[in-house]
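Heads up, the sequence shown is in our numbering, so the first residue is 2 and it goes up one at a time. Beta carbons are placed, not taken as given, at the ideal position from N, Cα and C, and that holds for glycine.
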Amino acid sequence: MFRLYDRYYDAADRSRFDADLADKDIVVLVRDLACQDIVGFSTLSLNHHVVGDREIDYIFSGDTILDSSQWGNPALLKAWFRTVGSLSARTGGGELFWFLLVKGHRTFRILPNFFRRYVPSHDSGAVADLIRVRDEIASARYGAFFSRRTGVVDFGESLGHLRPEWAGVETAASRNRHAAEFLAANPDHFRGTELACLAELSRGNLKRYAATCFAEGTAVRVAATSGCGE
Numbered sequence: 002m003f004r005l006y007d008r009y010y011d012a013a014d015r016s017r018f019d020a021d022l023a024d025k026d027i028v029v030l031v032r033d034l035a036c037q038d039i040v041g042f043s044t045l046s047l048n049h050h051v052v053g054d055r056e057i058d059y060i061f062s063g064d065t066i067l068d069s070s071q072w073g074n075p076a077l078l079k080a081w082f083r084t085v086g087s088l089s090a091r092t093g094g095g096e097l098f099w100f101l102l103v104k105g106h107r108t109f110r111i112l113p114n115f116f117r118r119y120v121p122s123h124d125s126g127a128v129a130d131l132i133r134v135r136d137e138i139a140s141a142r143y144g145a146f147f148s149r150r151t152g153v154v155d156f157g158e159s160l161g162h163l164r165p166e167w168a169g170v171e172t173a174a175s176r177n178r179h180a181a182e183f184l185a186a187n188p189d190h191f192r193g194t195e196l197a198c199l200a201e202l203s204r205g206n207l208k209r210y211a212a213t214c215f216a217e218g219t220a221v222r223v224a225a226t227s228g229c230g231e
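Take a look at the structure:
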């Protein structure tokens, strides 16, 4: 996993990578069936937070990468949405959000491609409730490193950023409006600043493909629970 991550990220540090991994509950892995090499992964943890008078759960994504040879292959996304569907069933169907720090435009584009409402969004008035949840979580996790004004986490030094040959946001922004939105929201991404993002994980907020995978994960969890006699 670290070899794959190090191939794409500058300022990668093995001890920091290991610490981040140890803090997670689940790893979603994609392997090349021919050679069994890991070609993609995403780490995540399930967390609880209180926002005002609301008790919510949120999934926090850690290190995530997909080898360029697999770009366009939906295997990682499909497995990820199934996994979070299973976690949604585990939490009992209450409010569940996805909180993530975004370092590149390809990850950011998952939000508009698969979610109906998310932050940051060009229509901030329509997602004011999500902004509040995002800001509360980010402030609790990162304190003064997080700016509520910009929505960016800035540690001062990079804790890992895409190598220039893989970032490609300026070129992508000229032809993709969502890449342009990421660049406008996180113009200093090249030095390791990270954009705090949030979306609700529910079938109603997911577009068709993601909603189908999410429902499959929910069904698997329910079936497994029933099999245990609970």
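Problem - CB of Ala220 within 9 Å of CB of Gly86, strictly - result: Position 219 of the sequence shown, counted from the start, is the residue given in the question as residue 220. Position 85 of the sequence shown, counted from the start, is the residue given in the question as residue 86. In contact: Ala220 and Gly86 (Cβ atoms closer than 9 Å).
Practice task
Could you tell me whether the Cβ atoms of Asn206 and Ala200 are closer together than 9 Å?
Solution key: Taking the first residue of the sequence shown as 1, we reach residue 206 at position 205. Taking the first residue of the sequence shown as 1, we reach residue 200 at position 199. Yes, they are a contact pair.
Problem - C-beta contact flag for Leu45 and Ile57 at 9 Å - result: Sequence index remark: in the sequence shown, residue 45 carries index 44 (1-based). Sequence index remark: in the sequence shown, residue 57 carries index 56 (1-based). Contact flag unset, no.
Handout entry: Nearest to Glu96 (by Cα), restricted to the options Leu77, Asp54, Asp68 and Arg209
Key = On the sequence shown, position 95 is the one that residue 96 refers to. If we check each option's Cα against that of Glu96, Asp54 comes out closest.
Handout entry: Own chain, CB closer than 7 Å to Trp167, minus 5 neighbours either side, in chain order
Key = Within the sequence shown, the letter at position 166 stands for residue 167. Once the five neighbours on either side are set aside, the close Cβ partners of Trp167 are Tyr9.
Practice task
Compare the beta carbon distance of Val40 and Leu67 with 9 Å and say whether it is the shorter of the two.
Solution key: Position 39 of the sequence shown, counting from 1, holds the residue named residue 40. Position 66 of the sequence shown, counting from 1, holds the residue named residue 67. Yes, the pair counts as a contact, with Cβ atoms nearer than the cut-off.
Exercise for the section: Ignoring anything shorter than 3 residues or poking outside the stretch 169 to 218, list the beta strand (DSSP E) runs there in chain order. Expected result: 195 to 201
Problem - CB of Pro75 within 9 Å of CB of Tyr210, strictly - result: As a position in the sequence shown, residue 75 is number 74, starting the count at 1. As a position in the sequence shown, residue 210 is number 209, starting the count at 1. Yes, Cβ-Cβ distance for Pro75 and Tyr210 is below 9 Å.
Practice task
Return the chain-ordered list of same chain residues with a C-beta closer than 6 Å to the C-beta of Leu101, the five sequence neighbours on each side being excluded.
Solution key: Here residue 101 refers to the residue found at position 100 when the sequence shown is read from its first residue. The residues are Ser62 and Cys198.
Exercise for the section: Kindly indicate which residue of Val154, Asp26, Leu34 and Phe42 has the alpha-carbon position closest to the one of Leu77. Expected result: In the sequence shown, the residue the question calls residue 77 occupies position 76. Leu77 has its Cα closest to that of Phe42, out of Val154, Asp26, Leu34 and Phe42.
Problem - Three or more C-beta pairs below 8 Å linking the stretch 25 to 37 and the stretch 177 to 194 - result: no
Exercise for the section: Please list, in chain order, all residues of the same chain as Ala141 whose beta carbon is under 8 Å from its beta carbon, the five residues on each side excluded. Expected result: Here residue 141 corresponds to residue number 140 of the sequence shown, with the count starting at 1. Around Ala141: His50.
Problem - alpha helix (DSSP H) segment containing Arg55, residue limits - result: Translated into the one-based positions of the sequence shown, residue 55 becomes position 54. Run containing Arg55: none in the alpha helix (DSSP H); it sits in the beta strand (DSSP E), Arg55 to Leu67.
Practice task
Mind checking which residues open and close the beta strand (DSSP E) that includes Asn48?
Solution key: By 1-based counting over the sequence shown, the position of residue 48 is 47. Asn48 -> beta strand (DSSP E) spans Ile39 to Val52.
Practice task
Could you check the C-alpha separation between Asp11 and Arg176 for me, to the nearest Å?
Solution key: In the sequence shown, residue 11 corresponds to position 10, counting from 1. In the sequence shown, residue 176 corresponds to position 175, counting from 1. Their backbone Cα atoms lie some 26 Å apart in a straight line.
Handout entry: Top-ranked residue by Cα proximity to Ala173, from His106, Glu158 and Leu22
Key = Sequence index remark: in the sequence shown, residue 173 carries index 172 (1-based). Nearest option by C-alpha distance: His106.
Practice task
Rounded to whole angstroms, what's the CA-CA distance from Gly218 to Phe82? Just pull it up for me.
Solution key: Here the question's residue 218 lines up with position 217 in the sequence shown. Here the question's residue 82 lines up with position 81 in the sequence shown. Distance between the alpha carbons of Gly218 and Phe82: 7 Å.
Practice task
Could you please give me the residues that DSSP links to Ile138 through a beta bridge?
Solution key: Along the sequence shown, read from residue 1 onward, the residue named residue 138 stands at position 137. Looking at the DSSP assignment, Ile138 forms no beta bridge with any residue, so it has no partner.
Practice task
To the nearest angstrom, report how far apart Asp130 and Arg192 are at their CA atoms.
Solution key: For the purposes of this step, residue 130 is taken as the residue at position 129 of the sequence shown. For the purposes of this step, residue 192 is taken as the residue at position 191 of the sequence shown. For Asp130 and Arg192, the distance between alpha carbons rounds to 30 Å.
Handout entry: DSSP state of Arg110 mapped onto helix, strand, coil
Key = Position 109 of the sequence shown, counted from the start, is the residue given in the question as residue 110. Looking at Arg110 - three-state DSSP - the assignment turns out to be coil, as it is neither helix nor strand.
Exercise for the section: With DSSP as the reference, label Phe147 as helix, strand or coil. Expected result: Along the sequence shown, one-based indexing puts residue 147 at 146. Three-state DSSP puts Phe147 in a strand.
Handout entry: Selection from Phe146, Pro165, Leu163 and Arg164 that minimises the alpha carbon distance to Phe156
Key = Position 155 of the sequence shown, counting from 1, holds the residue named residue 156. Of the candidates Phe146, Pro165, Leu163 and Arg164, the one whose C-alpha sits nearest the C-alpha of Phe156 is Phe146.
Problem - Whole-angstrom distance between Gly152 and Asp186, CA atom to CA atom - result: Numbered from its first residue, the sequence shown carries residue 186 at position 185. Numbered from its first residue, the sequence shown carries residue 152 at position 151. Note that residue 186 is Ala in the sequence shown here, rather than Asp. Cα-Cα distance, rounded: 8 Å.
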